[in-house]
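*Asks:* Respectively, the protein sequence lines represent chains A and B.
For the first sequence, full-length UniProt numbering begins at 1 and goes up steadily by one.
For the second sequence, full-length UniProt numbering begins at 1 and goes up steadily by one.
Glycine included, C-beta positions come from ideal geometry on N, C-alpha and C.
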Amino acid sequence: MTATTTSARSDLSELGRSETALRTFLHGLPGVDQVGAEQRAAQLGTRSIKTTAKAQAIDLAIRMVDLTTLEGADTPGKVRALAAKALRPDPADPTCPHVGAVCVYPAMVPHVAEVLRGSAVHLASVATAFPSGQAPLDVKLADTRAAVAAGADEIDMVINRGAFLAGRYAEVYDEIVATKEACGDAHLKVILETGELATYDNVRRASWLGMLAGGDFIKTSTGKVPVAATLPVTLVMLEAVRDFRAATGRQVGVKPAGGIKNTKDAIKYLVMVNETVGGDWLSPDWFRFGASSLLNDLLMQRTKLTTGIYSGPDYFTLD
Amino acid sequence: MSERVAVRKTYKLFIGGKFPRSESGRSYLVQSANVSLASRKDARDAVVAARAAVKGWSGATAYNRGQILYRVAEMLEGRREQFVALGVPGGEVDAAVDRWVWYAGWADKLPQVYGGANPVAGPYFNLSAPEPTGVVAVVAPESPALLGLVGVIAPAIVTGNTVVVAASPSAPLAAVTLAEVLATSDLPGGVVNLLTGRITETAPTLAAHLDVNAIDLAGVTDRELATELEAGAAENLKRVLRPVPADHDWAGDPGLGRMTALLETKTVWHPKGV
Chain A
1 MTATTTSARS
11 DLSELGRSET
21 ALRTFLHGLP
31 GVDQVGAEQR
41 AAQLGTRSIK
51 TTAKAQAIDL
61 AIRMVDLTTL
71 EGADTPGKVR
81 ALAAKALRPD
91 PADPTCPHVG
101 AVCVYPAMVP
111 HVAEVLRGSA
121 VHLASVATAF
131 PSGQAPLDVK
141 LADTRAAVAA
151 GADEIDMVIN
161 RGAFLAGRYA
171 EVYDEIVATK
181 EACGDAHLKV
191 ILETGELATY
201 DNVRRASWLG
211 MLAGGDFIKT
221 STGKVPVAAT
231 LPVTLVMLEA
241 VRDFRAATGR
251 QVGVKPAGGI
261 KNTKDAIKYL
271 VMVNETVGGD
281 WLSPDWFRFG
291 ASSLLNDLLM
301 QRTKLTTGIY
311 SGPDYFTLD
Chain B
1 MSERVAVRKT
11 YKLFIGGKFP
21 RSESGRSYLV
31 QSANVSLASR
41 KDARDAVVAA
51 RAAVKGWSGA
61 TAYNRGQILY
71 RVAEMLEGRR
81 EQFVALGVPG
91 GEVDAAVDRW
101 VWYAGWADKL
111 PQVYGGANPV
121 AGPYFNLSAP
131 EPTGVVAVVA
141 PESPALLGLV
151 GVIAPAIVTG
161 NTVVVAASPS
171 APLAAVTLAE
181 VLATSDLPGG
191 VVNLLTGRIT
201 ETAPTLAAHL
211 DVNAIDLAGV
221 TDRELATELE
231 AGAAENLKRV
241 LRPVPADHDW
251 AGDPGLGRMT
261 ALLETKTVWH
271 PKGV
């Protein structure tokens with residue numbers, strides 16, 4: 001695979017100072033071999049993970065789930081129920097781990113915070129005019145501050161795709177830096193919305209841009225456009241975080257979101273993480289799944305492994 | 001010109017409107033043909049397909065379901081010779097066609113016969129209507145190969161259920177050929193799913209599966225297996241149809257029992273007004 005060798009570049013933190021330096025750097029990243037990336041992702045998807053390995057993978061995947069609801073129809077009652085499910089995904093089985101985080105709109109953060117208080121489940125909020133990101137910067141920052149003030153300890157921001165695709169990288173960079181500042185202690189996940197970036201080269205550039213600007217996580221998608229997370233896109237992003245750590249020593253997490261609906265898919269991602277960036281990322285601190293229906297399938301598969309009987313959707317909550 | 005080599009058919013499973021091989025890759029030799037040997041994972045996939053089809057099929061109008069079942073009879077009639085070539089007696093094919101037509105007619109009549117208005121002590125209309133129970137697992141009778149199969153599938157699906165059928169292990173060719181008929185009869189994919197292979201392998205999975213609502217043990221001849229399957233079905237209180245005696249006359253009047261056994265009753269109260 002194409003590796004990005006940046007060790008020679010001594011100080012990446014200087015890049016943000018000028019549009020030219022940023023552009024030169026991002027366009028200097030090696031291009032992604034599209035066919036190679038897709039083939040590699042497909043090949044990693046054929047691994048067979050069974051029995052005890054599968055049980056471990058399922059528990060790990062449950063711990064990595066960012067249980068998400070981002071609907072116009074979200075109500076305080078619905079998000080509270082979701083938060084309760086995050087704490088105890090399978091009420092019938094106390095050995096079932098809790099999920100990584102709950103992800104909601106800023107207006108719903110206080111209701112979720114009430115339920116999650118004192119637990120190890122994180123509370124993520126989307127911000128910065130999610131999902132389009134088409135709002136003035138001060139509105140986006142106010143959005144972010146409000147979510148943090150309400151109790152979110154993770155912020156999922158969207159990058160300004162309009163500016164990115166137009167080549168105004170510094171603008172995107174500055175927005176991420178400003179949002180990171182507005183986050184304070186909260187973790188910042190940078191949503192690239194890869195479905196709108198058109199090429200893997202752009203995904204690689206956006207990944208680096210997000211990391212250079214200080215993102216703690218890079219996330220594939222909002223889940224609001226037709227093309228969400230795919231294996232090849234996640235592969236490109238995983239390579240980016242690997243190369244970024246090699247170059248700077250800072251580890252950045254990855255979160256594929258949208259379209260991951262069943263256990264089989266989730267395990268394919270875990271295999272890819274292990275084979276691309278290694279065991280360091282196989283933890284909820286460094287890899288997350290943005291998903292809603294995935295959790296129920298994981299629970300059903302978990303039940304099958306513990307009881308030997310196939311379960312059905314009737315036995316798990318809808319959201 | 002070299003002599004033409006005939007194309008031999010591979011008999012495969014029927015799941016979700018498609019004809020896949022067994023995920024296990026196995027097959028077995030029966031009736032001089034290679035037939036897929038379904039695994040428990042194929043059974044699982046079939047239940048997923050059947051569950052996915054419930055909403056559309058049970059939501060279709062009774063009239064529409066009747067039309068589609070009648071279409072099955074038409075298509076079966078057209079394939080008469082093919083079944084005869086597989087060793088099914090011509091008379092049995094005719095009886096099977098007639099059986100489809102008979103059940104097709106019940107589609108929009110059963111709710112009238114089996115549902116109705118209940119007298120209640122108050123100013124309400126109180127109406128009971130039959131509803132399909134959902135996904136039904138069926139162990140098809142060993143024989144007659146075609147008529148027995150039609151006799152268990154048609155009564156289950158006419159009311160809006162979807163089925164996963166474990167075909168007779170010794171005579172699966174007629175079953176797979178019937179699946180080809182169903183695939184070309186406007187029947188939505190997943191309403192009927194067919195597994196060929198060992199009953200001892202697929203039936204226990206289906207009996208214990210929590211997403212299956214009823215199980216029809218028509219073709220189970222082994223009493224111990226029948227007990228095991230009923231015990232598995234008890235886990236989520238499935239509706240169970242007990243095994244049918246080997247000397248049962250499938251050509252006789254089927255009655256309404258096989259249809260009504262796979263129904264739930266929905267009762268609604270509606271104020272009469274002044």
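#1: Taking Cβ positions, are B:Ala140 and B:Ala104 nearer each other than 8 Å?
#2: DSSP has B:Leu263 in a bridge; who is on the other side?
#3: Look at B:Gly190 and B:Ala38 and say whether their C-beta atoms are less than 8 Å apart.
#4: Among the candidates A:Glu171, A:Ala57 and A:Thr52, whose CA atom is the shortest distance from the CA of A:Pro136?
#5: If you reduce the DSSP assignment to three classes, tell me which class A:Thr95 lands in.
#6: Return the Cβ separation of A:Arg245 and A:Asp90 in integer angstroms, given the expectation that the two are a contact with Cβ distance under 8 Å.
#7: Taking only the alpha-carbon atoms, compute the straight-line gap between B:Pro188 and A:Leu26 and give it to the nearest angstrom.
#8: Excluding sequence positions up to five away, which residues of its chain have a Cβ less than 6 Å from the Cβ of A:Met300?
#9: According to DSSP, is A:Pro30 part of a helix, a strand, or is it coil?
#10: So if I threshold CB-CB distances at 7 Å, which residues from the stretch 13-43 of chain B count as touching chain A?
#11: If you reduce the DSSP assignment to three classes, tell me which class A:Ser125 lands in.
#12: Whose Cβ in chain B lies nearer than 9 Å to the Cβ of A:Pro313?
#13: Against chain A, which members of the stretch 232-259 of chain B pass a CB distance test of less than 9 Å?
#14: Given a cut-off of 8 Å on the beta-carbon distance, is the pair A:His116 and A:Ala147 in contact?
#15: At the 8 Å Cβ level, is B:His270 part of the contact set with chain A, yes or no?
#16: What ranges does the beta strand (DSSP E) occupy inside the stretch 165-251 of chain A, keeping only unbroken runs of at least 3 residues that lie completely in it?
#17: Determine the DSSP secondary structure at B:Gly273, reduced to helix, strand or coil.
#18: From which residue to which residue does the alpha helix (DSSP H) around A:Asn274 run?
#19: Comparing alpha-carbon positions, which option in A:Arg40, A:Leu235 and A:Arg80 lies nearest A:Arg204?
#20: Return yes when at least one heavy atom of the ligand GTP lies under 7 Å from the C-beta of A:Pro232, else no.
#21: Who are the near neighbours of A:Leu182 in its chain, counting only those whose CB is closer than 6 Å to its CB and skipping five residues on each side?
#22: Taking only the alpha-carbon atoms, compute the straight-line gap between B:Thr202 and B:Ala43 and give it to the nearest angstrom.
#23: Please classify A:Phe316 as buried or exposed, where buried requires at least 16 other C-beta atoms within 10 Å of its C-beta.
#24: Report the rounded CA-to-CA distance for B:Gly273 versus B:Ala121, giving the unit in angstroms.
#25: If distances are taken between C-alpha atoms only, which option among A:Asn160, A:Leu44 and A:Phe164 comes closest to residue 333 of chain A?
#26: In terms of residue numbering, what span does the beta strand (DSSP E) encompassing A:Val158 cover?
#27: Are the beta-carbon atoms of B:Val158 and B:Ala107 separated by less than 8 Å?
#28: Quick one: list the residues of chain B neighbouring A:Ile49, beta-carbon separation under 9 Å, in chain order.
#29: In the DSSP assignment, what are the bridge partners of A:Lys255?
#30: Per DSSP, B:Asn203 forms a beta bridge with which residues?
#31: When the cut-off is 8 Å and only beta carbons count, does B:Ala208 lie next to chain A?
#32: Step through the CB atoms of chain B and report whether any lies within less than 8 Å of the CB of A:Ile267.
#33: Between the stretch 10-27 of chain B and the stretch 195-210 of chain B, can you find at least three pairs of beta-carbon atoms closer than 8 Å?
#34: Would you be able to state if there are at least three C-beta pairs under 8 Å between the stretch 253-264 of chain A and the stretch 208-226 of chain A?
#35: What are the partner residues of B:Asp216, as DSSP defines its beta bridges?
#36: Measure the Cβ-Cβ separation of A:Ala178 and A:Ala152 and say whether it is below 8 Å.
*Replies:* Let me lay it out:
#1: The residue labelled residue 140 of chain B in the question sits at position 140 within the second sequence. The residue labelled residue 104 of chain B in the question sits at position 104 within the second sequence. For B:Ala140 and B:Ala104, no; Cβs fall outside 8 Å.
#2: Numbered from 1 along the second sequence, position 263 holds the residue referred to as residue 263 of chain B. In DSSP, B:Leu263 forms a bridge with B:Pro132.
#3: Position 190 of the second sequence, counted from the first residue, corresponds to residue 190 of chain B. Position 38 of the second sequence, counted from the first residue, corresponds to residue 38 of chain B. Contact flag unset, no.
#4: For the purposes of this step, residue 136 of chain A is taken as the residue at position 136 of the first sequence. When each option's Cα is compared against that of A:Pro136, the closest is A:Glu171.
#5: Start at 1 with the first residue of the first sequence, and residue 95 of chain A comes out as number 95. A:Thr95 falls in the coil class under three-state DSSP.
#6: The residue you call residue 245 of chain A lines up with position 245 of the first sequence. The residue you call residue 90 of chain A lines up with position 90 of the first sequence. Rounded, the Cβ-Cβ distance is 35 Å, inconsistent with contact.
#7: Within the second sequence, residue 188 of chain B is the residue found at index 188, counting from 1. Within the first sequence, residue 26 of chain A is the residue found at index 26, counting from 1. Answer to the nearest angstrom: the Cα atoms are 51 Å apart.
#8: In the first sequence, the residue the question calls residue 300 of chain A occupies position 300. Cβ neighbours of A:Met300 beyond the five flanking positions: Ser311.
#9: Here residue 30 of chain A refers to the residue found at position 30 when the first sequence is read from its first residue. A:Pro30: coil per DSSP, three-state reduction.
#10: none
#11: In the first sequence, residue 125 of chain A corresponds to position 125, counting from 1. DSSP places A:Ser125 in strand when its eight states are reduced to three.
#12: The residue you call residue 313 of chain A lines up with position 313 of the first sequence. In chain order: Arg51 and Asp211.
#13: Gly232, Glu235 and Asn236
#14: Along the first sequence, read from residue 1 onward, the residue named residue 116 of chain A stands at position 116. Along the first sequence, read from residue 1 onward, the residue named residue 147 of chain A stands at position 147. Correcting the residue type first, residue 116 of chain A is Leu in the shown sequence and not His. No, the Cβ-Cβ distance between A:Leu116 and A:Ala147 is not below 8 Å.
#15: Here the question's residue 270 of chain B lines up with position 270 in the second sequence. Output row for B:His270: interface = no.
#16: 187-191 and 217-219
#17: In the second sequence, residue 273 of chain B corresponds to position 273, counting from 1. Correct three-state label for B:Gly273: coil.
#18: In the first sequence, residue 274 of chain A corresponds to position 274, counting from 1. From DSSP, the alpha helix (DSSP H) with A:Asn274 extends over Thr263 to Thr276.
#19: Position 204 of the first sequence holds residue 204 of chain A. Among A:Arg40, A:Leu235 and A:Arg80, the Cα nearest to that of A:Arg204 belongs to A:Leu235.
#20: This structure simply doesn't include the ligand GTP, nor any ligand for that matter.
#21: Residue mapping note: residue 182 of chain A aligns to position 182 of the first sequence, counting from 1. Sequence inspection shows Ala at residue 182 of chain A; the Leu mentioned does not correspond to that position. Leu141, Thr144 and Arg145.
#22: The residue you call residue 202 of chain B lines up with position 202 of the second sequence. The residue you call residue 43 of chain B lines up with position 43 of the second sequence. One C-alpha to the other measures close to 6 Å.
#23: Within the first sequence, numbered from 1, the residue matching residue 316 of chain A stands at position 316. By the neighbour-count rule (16 or more Cβ atoms within 10 Å), A:Phe316 is buried.
#24: Your numbering for residue 273 of chain B matches position 273 in the second sequence. Your numbering for residue 121 of chain B matches position 121 in the second sequence. When rounded, the distance between both Cα atoms is 15 Å.
#25: Coverage of chain A is limited to positions 1 through 319, which leaves residue 333 of chain A absent and any answer about it impossible.
#26: Against the first sequence, residue 158 of chain A aligns to sequence position 158. Glu154 to Val158 is the extent of the beta strand (DSSP E) around A:Val158.
#27: Numbered from its first residue, the second sequence carries residue 158 of chain B at position 158. Numbered from its first residue, the second sequence carries residue 107 of chain B at position 107. Yes. Within cutoff.
#28: If you number the first sequence from 1, residue 49 of chain A lands on position 49. The premise fails here: A:Ile49 is roughly 15 Å from chain B at the closest Cβ pair, so nothing lies under 9 Å.
#29: Locating residue 255 of chain A in the first sequence gives position 255, where the first residue counts as 1. Looking at the DSSP assignment, A:Lys255 forms a beta bridge with A:Lys219.
#30: On the second sequence, residue 203 of chain B is found 203 positions in, with the first residue counted as 1. The sequence given here has Ala at residue 203 of chain B, not Asn. Looking at the DSSP assignment, B:Ala203 forms no beta bridge with any residue, so it has no partner.
#31: Residue mapping note: residue 208 of chain B aligns to position 208 of the second sequence, counting from 1. It does; some Cβ of chain A falls within 8 Å.
#32: In the first sequence, the residue the question calls residue 267 of chain A occupies position 267. Cβ-Cβ to chain B under 8 Å: no for A:Ile267.
#33: yes
#34: yes
#35: Taking the first residue of the second sequence as 1, we reach residue 216 of chain B at position 216. In DSSP, B:Asp216 forms a bridge with B:Val138 and B:Leu241.
#36: For the purposes of this step, residue 178 of chain A is taken as residue 178 along the first sequence, with counting starting at 1. For the purposes of this step, residue 152 of chain A is taken as residue 152 along the first sequence, with counting starting at 1. Cβ distance not < 8 Å, so A:Ala178 and A:Ala152 don't count as in contact.
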